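Structure, as structure tokens:
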Amino acid sequence: EAQVTQNPRYLITVTGKKLTVTCSQNMNHEYMSWYRQDPGLGLRQIYYSMNVEVTDKGDVPEGYKVSRKEKRNFPLILESPSPNQTSLYFCASSFAPSGEEQYFGPGTRLTVT
Amino acid sequence: QKEVEQNSGPLSVPEGAIASLNCTYSDRGSQSFFWYRQYSGKSPELIMFIYSNGDKEDGRFTAQLNKASQYVSLLIRDSQPSDSATYLCAVPYSGAGSYQLTFGKGTKLSVIP
Numbered sequence: 001e002a003q004v005t006q007n008p009r010y011l012i013t014v015t016g017k018k019l020t021v022t023c024s025q026n027m028n029h030e031y032m033s034w035y036r037q038d039p040g041l042g043l044r045q046i047y048y049s050m051n052v053e054v055t056d057k058g059d060v061p062e063g064y065k066v067s068r069k070e071k072r073n074f075p076l077i078l079e080s081p082s083p084n085q086t087s088l089y090f091c092a093s094s095f096a097p098s099g100e101e102q103y104f105g106p107g108t109r110l111t112v113t
Numbered sequence: 114q115k116e117v118e119q120n121s122g123p124l125s126v127p128e129g130a131i132a133s134l135n136c137t138y139s140d141r142g143s144q145s146f147f148w149y150r151q152y153s154g155k156s157p158e159l160i161m162f163i164y165s166n167g168d169k170e171d172g173r174f175t176a177q178l179n180k181a182s183q184y185v186s187l188l189i190r191d192s193q194p195s196d197s198a199t200y201l202c203a204v205p206y207s208g209a210g211s212y213q214l215t216f217g218k219g220t221k222l223s224v225i226p
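Chain order of the listed sequences is A and B.
Numbering-wise, the first sequence is residues 1 to 113 according to my numbering.
Numbering-wise, the second sequence is residues 114 to 226 according to my numbering.
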């Protein structure tokens with residue numbers, strides 16, 4: 001089954017404790033992206049990657065890191081999480097290198113206390 | 114400048130009616146436009162895309178594009194309670210090697226039985 005998976009689905013953590021949210025796709029897509037979704041602010045792009053070892057900042061990259069060492073995986077790293085990073089996070093992938101027609105993972109709900 | 118504007122709603126329509134969802138965008142150079150549906154607590158799901166001026170129909174859904182007015186709409190005919198969701202308009206922006214999909218904040222649709 002073609003899909004984008006994320007883990008964990010739910011996470012409660014404390015300020016400053018490093019965490020990684022994994023994202024994997026089995027569709028051989030070149031483009032992958034991370035978004036956060038907050039009430040009243042909509043979906044905002046954090047980082048994206050157009051291919052292995054090629055990443056770029058989205059609209060809200062502060063406090064996040066990413067890497068793309070394999071085509072199928074695109075982990076999101078929060079080195080020192082803060083309460084303002086409490087949000088619903090989505091990973092997405094697309095066959096088109098320009099990022100059109102993105103397919104989303106199920107989401108990760110992160111709470112930072 | 115990347116802006117995608119939608120009325121936040123909620124938009125309430127009776128079952129069987131036509132629901133009309135609207136979106137405006139800022140970049141005159143945009144060539145493709147996407148509509149995603151997001152049920153509460155779920156990830157966005159691509160339902161329609163349109164590249165050319167005019168109408169594109171897919172079942173009960175019709176996307177309409179007017180590039181001169183920088184306006185794209187989604188019509189849902191014979192609305193069903195299962196259509197109750199938030200509808201997100203998305204526009205890819207590219208430039209200087211950057212490729213991003215920018216989302217509107219979404220319009221919440223409620224179909225009343």
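The C-beta atom is built at its ideal place from N, Cα and C for all residues, glycine as well.
Note that this is a predicted model, so its numbers are computed, not measured.
Looking only at Leu76(A), Thr113(A), Ser49(A), the smallest Cα-Cα distance to Asn7(A) is reached by Leu76(A).
Using a 10 angstroms sphere on the CB of Arg36(A), the tally of other CB atoms reaches 16 or more, which defines it as buried. With its beta carbon at least 8 Å from every one in chain A, Pro123(B) lies outside the interface.
Interface residue (Cβ-Cβ distance to chain A less than 8 Å): Gln193(B) is not classified as such. Contact residues of the segment 152-178 of chain B toward chain A are Gly154, Lys155, Ser156, Pro157, Glu158, Leu159, Phe162 (C-beta to C-beta distance below 9 Å).
According to the DSSP secondary-structure assignment, Glu158(B) is paired through a beta bridge with Arg150(B). In terms of beta-carbon proximity, Met50(A) lines the interface with chain B, with at least one pair separated by less than 8 Å.
Identification of residues in the segment 182-206 of chain B having a C-beta nearer than 9 Å to some C-beta of chain A yields Leu201, Ala203, Pro205, given in sequence order. Closest option to Arg44(A), judged by alpha-carbon separation, among Asp191(B), Lys218(B), Gln183(B): Lys218(B). Using a C-beta cut-off of 8 Å, the segment 19-37 of chain A makes contact with the segment 69-88 of chain A, since at least three inter-stretch Cβ pairs fall below that distance. Counting along the chain, Met32(A) sits inside the beta strand (DSSP E) bounded by residues 31-38. For Leu134(B), no Cβ of chain A is located within less than 8 Å of the residue's own Cβ.
Spatial neighbours of Ile160(B) in its own chain (CB-CB distance under 7 Å, excluding positions within 5 residues in sequence) are listed in chain order as Trp148, Tyr149, Arg150, Phe174.
Annotation: Thr215(B) to Thr199(B) spans about 16 Å, alpha carbon to alpha carbon. Non-local C-beta neighbours of Ser197(B) in its own chain, meaning closer than 7 Å and more than five positions away in sequence, comprise Leu222, Ser223, Val224, ordered along the chain. Among the residues of chain A, those whose CB is under 7 Å from the CB of Ser145(B) are Glu100, following chain order. In this model, Val126(B) and Gly40(A) are separated by some 22 Å (Cα to Cα).
Beta bridge pairing from DSSP links Ala203(B) with Phe147(B), Phe216(B).
Minimum Cα-Cα distance from Glu79(A) among the listed residues Ala2(A), Glu1(A), Leu11(A), Thr15(A) corresponds to Thr15(A). Nearest CB-CB separation between Gly58(A) and chain B: below the 8 Å threshold.
Between Ala176(B) and Ile163(B), the CB-CB gap stays under 8 Å. Shown here for Gln102(A): same chain residues with a beta carbon closer than 6 Å to its own, the five before and five after excluded, namely Ala92, Ser94 in chain order.
In the three-state reduction of the DSSP assignment, Asp196(B) falls in the helix class, which pools H, G and I.
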